[in-house]
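Below is one structure, written out as structure tokens; the observations come after it.
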Amino acid sequence: MRLLDRVLSTPMTLRVPLLVAALMVVVSAVISERVLDRLHGMQEQQLDSLVTTYFDGLTTALMPAVLRQDVWETYDVLDRTHPVSNAVSPVETIVTGRDGTVLASTDPRRVPALSALPIEYQNAIARETSSIDWEGSRGFGYRPLRYQGKIVGAISASFDIAHFVQERREIIWTLLATNGVLALFFAAAGYALTRRMVKPVTTLAQRMKAGAAGLPRTFSPNEFPRRGELAELFHGFNALIAAEREKRDLLQRLAEEEKLASLGKLASSMAHEINNPLGGLFNSIDTLRRHGANEGVRETTLSLLERGLGGIRDVVRATLAAYRPERAGRPLLVQDLDDVRILAGPAIDEKGQTLDWSVEAPASEPLPVPGHEIRQALLNLVLNASAAAGRGGRVAVEIRHDRKTDELSISVNDTGPGFDYEASRVLTAPGAPQPSGGGLGLWMVRRMVDAAGGRVEVGRASLGGAKVEVWLPAHREEERHDAA
Numbered sequence: 001m002r003l004l005d006r007v008l009s010t011p012m013t014l015r016v017p018l019l020v021a022a023l024m025v026v027v028s029a030v031i032s033e034r035v036l037d038r039l040h041g042m043q044e045q046q047l048d049s050l051v052t053t054y055f056d057g058l059t060t061a062l063m064p065a066v067l068r069q070d071v072w073e074t075y076d077v078l079d080r081t082h083p084v085s086n087a088v089s090p091v092e093t094i095v096t097g098r099d100g101t102v103l104a105s106t107d108p109r110r111v112p113a114l115s116a117l118p119i120e121y122q123n124a125i126a127r128e129t130s131s132i133d134w135e136g137s138r139g140f141g142y143r144p145l146r147y148q149g150k151i152v153g154a155i156s157a158s159f160d161i162a163h164f165v166q167e168r169r170e171i172i173w174t175l176l177a178t179n180g181v182l183a184l185f186f187a188a189a190g191y192a193l194t195r196r197m198v199k200p201v202t203t204l205a206q207r208m209k210a211g212a213a214g215l216p217r218t219f220s221p222n223e224f225p226r227r228g229e230l231a232e233l234f235h236g237f238n239a240l241i242a243a244e245r246e247k248r249d250l251l252q253r254l255a256e257e258e259k260l261a262s263l264g265k266l267a268s269s270m271a272h273e274i275n276n277p278l279g280g281l282f283n284s285i286d287t288l289r290r291h292g293a294n295e296g297v298r299e300t301t302l303s304l305l306e307r308g309l310g311g312i313r314d315v316v317r318a319t320l321a322a323y324r325p326e327r328a329g330r331p332l333l334v335q336d337l338d339d340v341r342i343l344a345g346p347a348i349d350e351k352g353q354t355l356d357w358s359v360e361a362p363a364s365e366p367l368p369v370p371g372h373e374i375r376q377a378l379l380n381l382v383l384n385a386s387a388a389a390g391r392g393g394r395v396a397v398e399i400r401h402d403r404k405t406d407e408l409s410i411s412v413n414d415t416g417p418g419f420d421y422e423a424s425r426v427l428t429a430p431g432a433p434q435p436s437g438g439g440l441g442l443w444m445v446r447r448m449v450d451a452a453g454g455r456v457e458v459g460r461a462s463l464g465g466a467k468v469e470v471w472l473p474a475h476r477e478e479e480r481h482d483a484a
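One point on numbering: in this note's numbering, the residue at position 104 of the sequence shown is 104, and numbering is uninterrupted.
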């Protein structure tokens, strides 16, 4: 498995030539084995034919001497007999009698009369035919001598087959050289073809990586392959880039429109929130004019004026907080959270809802997350929860900074019907597309949280409705400097 993984992990320009070379080696090995097997069979047949001819001539001459078991006459016949073919040269010939002992041999000193047959001739005797010793470059033959159906002796001989071995060696080297040249040629051709085929794909991959890094660029006409599927692929890539640019422009316009619509709603709610206390303030001024001399009435009226003006001031401050330009990288402040509560207050009050607000974070130091994005995301979640909770509903917001994990957790709960599948997918699915209908606010929340490196989970709240939990990792000042 490790070898296979290594092969699969190598570049295609190397993998294909290696596979071609390996395939050629396998094919060459199979072909070579068949050629050598066929050559072996042909050489054995040739040796059998020549040995048979040689033994046929000896059998007629030796039969009388063997019947009489005459050692000297047998030796004389062997001495006078010459090879019948130049193709095979007998090295040694041995004649045995009825009992298997040697009657005579062409080399009496090595194989004397009445001795046992040498062991190297036993294989040929067992097969009653010829055999080849390729390492010793010798062939062995055996012919039993029969008279009236009985074996009266046998002829064993060894032959010089050096020319067979030389022929076999030359064929092996020819096969190795030919197969090696073919393997190298096809591997080089595979490398050249694969490199040429992969070059457009490599160019396309580089362009896609640049697009993923935020620098998408289409191919010019002179960069296209001449024809085929790759040209269609390049056309498809250009069409994809064009569609992505169009989609991005459309999303920006939709986001701006959604932002303007949200700001219009907030402005309307804040105007309503400001107009409500104005009537009471004018009445207080009229009361001061008429009964200002009464100290008790004066104190009560001034206190009412102070509270009313303080409420209007808070609304104005929250409005300025929503509109003021943000400094990039500014951390989240507790005042930002108060702004969200004030901004969402008119929508909460208009529906007669209850807002439970809990913040467990130090008020004296900033929270280590992006301020503007998280404030906007929280505002969207609270307004969405208020819209889902309905009249007389309840919205609960819990914000906590965990110093151990250095994470900021935000939980928004409501008493509404909960999220459907599409809304949950927009908030939680990585890379979820912008919804075609409503829900742009939730999609913007997901984008803001992703930009801050956080995560979102959707579940069922203890209040009975939806529960959205956001976890945001800390972005310390040194990390922002490193990123810069």
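The beta-carbon is built from N, C-alpha and C at its ideal position, and this holds for glycine as well.
1. What distance in whole Å lies between the Cβ atoms of TYR147 and SER156, which are believed to be in contact at a cut-off of 8 Å?
2. For GLY141, report the span of its beta strand (DSSP E) as first-last.
3. Out of TRP443, PHE186, VAL359 and ALA154, point me to the one whose CA is closest to GLU258's CA.
4. Okay, do the region 446-453 and the region 367-376 touch, 3+ Cβ pairs below 8 Å being the bar?
5. Pop quiz: LEU381 and VAL445 are said to be a contact at Cβ under 8 Å. What is the actual Cβ separation, rounded to whole angstroms?
6. Write down the C-beta distance between THR81 and LEU58 rounded to the nearest angstrom, noting that I regard them as a contact closer than 8 Å.
7. Can you grab the Cα-Cα spacing for the pair LEU472 / ARG330, in whole Å?
8. In whole angstroms, what is the alpha-carbon distance linking ALA328 and LYS199?
9. Over the uninterrupted alpha helix (DSSP H) stretch that includes PRO346, give me the two end residues.
10. By a C-beta neighbour count over all protein chains shown, 10 Å radius and 16 as the cutoff for buried, is PHE164 buried or exposed?
11. Using 8 Å as the threshold, is the C-beta distance between LEU117 and THR93 below it?
12. According to the neighbour-count rule (16 or more other Cβ atoms, all chains shown, within 10 Å of its Cβ), is GLN43 buried or exposed?
13. What does LYS150 pair with, by DSSP beta-bridge criteria?
14. Taking its Cβ as the centre, do 16 or more other Cβ atoms sit within 10 Å of ILE119, making it buried, or is it exposed?
15. PHE419 and VAL458 - do their beta-carbons sit closer together than 8 Å?
16. State the DSSP-derived secondary structure class of LEU383, mapped to helix, strand or coil.
17. For ARG139 and LEU18, I'd like the C-alpha separation in whole angstroms.
18. Ends of the beta strand (DSSP E) at ALA423?
19. Measure the Cβ-Cβ separation of GLY416 and ALA466 and say whether it is below 8 Å.
20. Which residues does DSSP pair with VAL470 in a beta bridge?
21. Going by alpha carbons, who is nearest to GLN353 out of VAL456, GLY390, VAL27 and THR74?
22. Between which two residues does the beta strand (DSSP E) holding ASP79 run?
23. Once the 5 residues before and after LEU509 are set aside, which same chain residues still bring their CB inside 6 Å of it?
24. Using only the alpha-carbon positions, how far apart do SER284 and ARG455 sit?
25. Please classify GLY153 as buried or exposed, where buried requires at least 16 neighbouring CB atoms within 10 angstroms.
26. From what residue to what residue does the beta strand (DSSP E) around ILE132 run?
27. Helix or strand or just coil, what does DSSP make of ARG15?
28. Which residues share a DSSP beta bridge with ARG400?
29. Would you kindly report the start and end of the unbroken beta strand (DSSP E) that includes THR93?
30. Note the first and the last residue of the continuous beta strand (DSSP E) segment covering VAL111.
31. Counting contacts by CB-CB distance shorter than 8 Å, is PHE185 in contact with chain C?
32. In this structure, does DSSP put ARG375 in helix, strand or coil?
33. If you follow the beta strand (DSSP E) that LEU367 is part of, which residue opens it and which one closes it?
34. Of the residues LEU254, PHE185 and VAL426, which one's Cα is nearest the Cα of ALA21?
35. Among THR52, SER220 and ASP406, which one has its Cα closest to the Cα of PHE159?
Let me spell this out:
1. Here residue 156 is taken as the residue at index 156 of the sequence shown, counted from 1. Here residue 147 is taken as the residue at index 147 of the sequence shown, counted from 1. At roughly 18 Å, the Cβ-Cβ gap does not stay under 8 Å, so SER156 and TYR147 are not in contact.
2. What you label residue 141 is simply residue 141 of the sequence shown in a count that begins at 1. It spans 138-147 - the beta strand (DSSP E) in which GLY141 sits, taken as one unbroken run.
3. Counting from one through the sequence shown, the residue named residue 258 turns up at place 258. Measuring from the Cα of GLU258, the nearest candidate turns out to be TRP443.
4. yes
5. Within the sequence shown, numbered from 1, the residue matching residue 381 stands at position 381. Within the sequence shown, numbered from 1, the residue matching residue 445 stands at position 445. Going by Cβ atoms, the distance from LEU381 to VAL445 rounds to 6 Å, so yes, they are a contact pair.
6. Sequence index remark: in the sequence shown, residue 81 carries index 81 (1-based). Sequence index remark: in the sequence shown, residue 58 carries index 58 (1-based). The Cβ separation is near 6 Å, so the contact holds.
7. Indexing the sequence shown from 1 puts residue 472 at position 472. Indexing the sequence shown from 1 puts residue 330 at position 330. Answer to the nearest angstrom: the Cα atoms are 15 Å apart.
8. Residue mapping note: residue 328 aligns to position 328 of the sequence shown, counting from 1. Residue mapping note: residue 199 aligns to position 199 of the sequence shown, counting from 1. In this prediction, ALA328 scores a pLDDT of 47, lower than 50, which makes its location untrustworthy; the coordinate-derived value is nonetheless stated afterwards. One C-alpha to the other measures close to 42 Å.
9. Numbered from 1 along the sequence shown, position 346 holds the residue referred to as residue 346. Its alpha helix (DSSP H) spans residues 334-350.
10. As a position in the sequence shown, residue 164 is number 164, starting the count at 1. Buried, by the Cβ-count rule.
11. In the sequence shown, the residue the question calls residue 117 occupies position 117. In the sequence shown, the residue the question calls residue 93 occupies position 93. The answer is no: Cβ separation not under 8 Å.
12. On the sequence shown, residue 43 is found 43 positions in, with the first residue counted as 1. Buried, by the Cβ-count rule.
13. Counted from its first residue, the sequence shown places residue 150 at position 150. For LYS150, which the question treats as bridged, DSSP gives the partners TYR147.
14. Counting from 1 along the sequence shown, the entry for residue 119 is found at position 119. Under this definition ILE119 is an exposed residue.
15. The residue given as residue 458 occupies position 458 in the sequence shown. The residue given as residue 419 occupies position 419 in the sequence shown. Yes, Cβ-Cβ distance for VAL458 and PHE419 is below 8 Å.
16. In the sequence shown, residue 383 corresponds to position 383, counting from 1. It is helical.
17. To locate residue 139, count along the sequence shown from 1; it is residue 139. To locate residue 18, count along the sequence shown from 1; it is residue 18. It is worth fixing the name first, because residue 139 is Gly in this sequence and not Arg. Whole-angstrom Cα-Cα distance: 42 Å.
18. If you number the sequence shown from 1, residue 423 lands on position 423. From DSSP, ALA423 is part of no beta strand (DSSP E) but of the alpha helix (DSSP H) over 421-428.
19. Against the sequence shown, residue 416 aligns to sequence position 416. Against the sequence shown, residue 466 aligns to sequence position 466. The answer is yes: Cβ separation under 8 Å.
20. Along the sequence shown, read from residue 1 onward, the residue named residue 470 stands at position 470. Answer is ILE410 and VAL456, bridged to VAL470.
21. The sequence position of residue 353 within the sequence shown is 353, counting from 1. Considering only alpha carbons, the answer is GLY390.
22. Locating residue 79 in the sequence shown gives position 79, where the first residue counts as 1. Run containing ASP79: none in the beta strand (DSSP E); it sits in the alpha helix (DSSP H), 71-80.
23. Residue 509 lies beyond the stretch modelled for the chain, which goes from 1 to 484, so this question has no answer here.
24. Locating residue 284 in the sequence shown gives position 284, where the first residue counts as 1. Locating residue 455 in the sequence shown gives position 455, where the first residue counts as 1. The straight-line gap from Cα to Cα measures roughly 50 Å.
25. As a first step, residue 153 must be located in the sequence shown, where it is residue number 153. So GLY153 counts as buried.
26. Mapped onto the sequence shown, residue 132 falls at position 132. Element bounds for ILE132: 131-133.
27. Walking along the sequence shown from the start, residue 15 turns up at place 15. ARG15: helix per DSSP, three-state reduction.
28. As a working mapping, residue 400 is identified with position 400 in the sequence shown. Answer is GLU360 and SER409.
29. Against the sequence shown, residue 93 aligns to sequence position 93. Note, THR93: beta strand (DSSP E), 89-96.
30. Translated into positions along the sequence shown, residue 111 becomes position 111. Premise fails: VAL111 is in no beta strand (DSSP E) and is neither H nor E.
31. This model lacks chain C altogether; it includes just one protein chain.
32. Mapped onto the sequence shown, residue 375 falls at position 375. In this structure, ARG375 counts as helix in the three-state DSSP scheme.
33. Within the sequence shown, residue 367 is the residue found at index 367, counting from 1. Looking at the DSSP string, the run of the beta strand (DSSP E) that includes LEU367 is 367-370.
34. Position 21 of the sequence shown, counting from 1, holds the residue named residue 21. The candidate whose alpha carbon is nearest that of ALA21 is PHE185.
35. Stepping through the sequence shown from its first residue, residue 159 is reached at position 159. Comparing Cα positions, the closest option is THR52.
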